[in-house]
Structures are given as structure tokens and as C-alpha cells.
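Undergrad: Here's a structure for you.
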Amino acid sequence: GIMSENTITFTIDDVDVQAKPGQTILEAADAVGIYIPRLCALEGLSPFGSCRLCTVKVNGRFQSACTQPVGQDIIVESETEEINNIRRGIVEMLFVEGNHYCMFCEKSGNCELQAMAYRLGIAAPRYPYLFPNDRNIDGSHPDIFIDHNRCILCARCVRASRELDGKNVFQFVGRGPEKRIAVNAEAN
Ligand code: FES
Numbered sequence: 012g013i014m015s016e017n018t019i020t021f022t023i024d025d026v027d028v029q030a031k032p033g034q035t036i037l038e039a040a041d042a043v044g045i046y047i048p049r050l051c052a053l054e055g056l057s058p059f060g061s062c063r064l065c066t067v068k069v070n071g072r073f074q075s076a077c078t079q080p081v082g083q084d085i086i087v088e089s090e091t092e093e094i095n096n097i098r099r100g101i102v103e104m105l106f107v108e109g110n111h112y113c114m115f116c117e118k119s120g121n122c123e124l125q126a127m128a129y130r131l132g133i134a135a136p137r138y139p140y141l142f143p144n145d146r147n148i149d150g151s152h153p154d155i156f157i158d159h160n161r162c163i164l165c166a167r168c169v170r171a172s173r174e175l176d177g178k179n180v181f182q183f184v185g186r187g188p189e190k191r192i193a194v195n196a197e198a199n
């Protein structure tokens, strides 16, 4: 055929997509200019699969596009009301679980979380704000300032430091609601 045998073809929202074996659905979508929402995924870092913003349906089953590999003839749904409702719920939970004071935040207007909320049409979350008051700001490190109020545990910093600069500066500590990013004490 005209297409190489190493091309995988499938559809995203009824659009034909060609991909390379081993690509994730998210990578294949990016390569052809189809945007699938994401927060923890970042080009150049290994997939982490934690935020679930990239939820799509693959042959009728929910999957994370950033971790799910492409497959021949799979049918991917992304921009449906059902899926965007799920994404909306995830972003709303992130807002109520943390302390995201966009109006007073210096990153306002340059923030992926805020932009995602706008994209999904979130005016005010449906859930009550939890206003956790045990979120510290950690300024105890000479070069690093961690505001746990804003952290959504996407692990981009963990992966970037491990995979790009090899310094392993950040790690997770604690479990469940106590889970936090911390500066790895052994890193220098
Ligand atoms: Fe896929 Fe976060 S972008 S789980």
C-alpha cells in the first residue's frame, strides 16, 4: 500500500489519524494537531497518568490518552459532552481541594489550570470549597520556593528533575490527602 506498514490508522472523533507504533494516543493527536486536554502530561517527559484530564473513550472504554498506546482501527472519542463533563468534574475537584486564589495569584492569565477551567466553561465549582488550611509555603530552600496551595501533584517537577537534569531534586512524601511534593533531602 501507499502507507508504510509501520503506520497505524485510527480515528479521533471521526477524524482519520495516522500514527507510529508505540506512540500514545495523546502523542499521535498532538502530531496531527488535535488537542486532547491534559495537565500532568508534558512533551519531553515520560507519561505519568495521574490527572485524568486526558480521559478519552477507546472503543467505548475510558482510558488515559497520555498512557494508552495507539492501535490499528481503534475508535477514540474525546470532545463529547460525556467526556468533557468528566474533565469538568476533575478540574472542579482540583479547585476545591487546593487553595487556588486566581484573583490574587501572580500566575493568573498564565496558568494551565486556570486556562483549563475556562476551556471547560467552569464559572464556579459545583462542590463546596474545602479551603484546606494546612497547606504550607516552603521557602526553606535557597533556590526553591514551594507553594503547596497551588500544587496539583502533576509530578512534572519530579519527572523533569529526574529525566532532564538528572538531579532528582523533587520527590513525593506522604500518602492520600497528605501527599506532598518535597525537596529530596539527598539531592544537592
Ligand atoms: Fe493524562 Fe494527566 S494528562 S493523566
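Here the sequence shown is numbered in our numbering, starting from 12 and rising by one per residue. Each residue gets a CB set at the ideal place from its N, CA and C atoms; glycine is no exception. Note that the structure is a prediction, hence the values are computed from the model and not measured.
Just the Cα atoms here: how many angstroms apart are residue 145 and residue 115?
TA: Walking along the sequence shown from the start, residue 145 turns up at place 134. Walking along the sequence shown from the start, residue 115 turns up at place 104. Each residue's Cα considered, the two are about 19 Å apart.
Undergrad: Of the residues 181, 173 and 143, which one's Cα is nearest the Cα of residue 157?
TA: Translated into the one-based positions of the sequence shown, residue 157 becomes position 146. Per the Cα distances, 181.
Undergrad: How about residue 52: is its Cβ closer than 8 Å to a heavy atom in ligand 1?
TA: Along the sequence shown, one-based indexing puts residue 52 at 41. Yes - ligand 1 has a heavy atom lying nearer than 8 Å to the Cβ of residue 52.
Undergrad: To the nearest angstrom, how far is it from the Cα of residue 149 to the Cα of residue 28?
TA: Reading the sequence shown from its first residue, position 138 is the one you call residue 149. Reading the sequence shown from its first residue, position 17 is the one you call residue 28. For residue 149 and residue 28, the distance between alpha carbons rounds to 45 Å.
Undergrad: Do the CB positions of residue 87 and residue 19 come within less than 9 Å of each other?
TA: In the sequence shown, the residue the question calls residue 87 occupies position 76. In the sequence shown, the residue the question calls residue 19 occupies position 8. Taking 9 Å as the Cβ cut-off, residue 87 and residue 19 do not qualify as a contacting pair.
Undergrad: Is residue 58 near ligand 1, judged by its Cβ being under 8 Å from some heavy atom?
TA: As a first step, residue 58 must be located in the sequence shown, where it is residue number 47. Yes, the Cβ of residue 58 comes within 8 Å of a heavy atom of ligand 1.
Undergrad: Within the present structure, is the beta-carbon of residue 170 separated from the nearest heavy atom of ligand 1 by less than 8 Å?
TA: Within the sequence shown, numbered from 1, the residue matching residue 170 stands at position 159. Residue 170 Cβ: outside cutoff for every heavy atom of ligand 1.
Undergrad: Of all the beta strand (DSSP E) runs that stay within the bounds of the stretch 44 to 125, which reach a length of 3 or more residues?
TA: Counting whole runs of 3 or more residues, the stretch 44 to 125 contains the beta strand (DSSP E) stretches 66 to 69, 72 to 75 and 86 to 88.
Undergrad: Taking DSSP as the reference, what is the three-state secondary structure of residue 191?
TA: On the sequence shown, position 180 is the one that residue 191 refers to. It is a strand residue.
Undergrad: Going by C-alpha to C-alpha distance, which of 83, 68 and 103 sits closest to residue 92?
TA: Translated into the one-based positions of the sequence shown, residue 92 becomes position 81. The candidate whose alpha carbon is nearest that of residue 92 is 68.
Undergrad: Under 8 Å, with one C-beta from each stretch per pair, do the stretch 53 to 62 and the stretch 161 to 170 reach the 3-pair mark?
TA: Yes, they touch.
Undergrad: On the three-pair Cβ rule with 8 Å, is the stretch 123 to 142 touching the stretch 95 to 110?
TA: Segments in contact, yes.
Undergrad: Can you give the Cα-Cα distance for residue 126 and residue 120, rounded to whole angstroms?
TA: Residue 126 sits at position 115 when you count from the first residue of the sequence shown. Residue 120 sits at position 109 when you count from the first residue of the sequence shown. Distance between the alpha carbons of residue 126 and residue 120: 8 Å.
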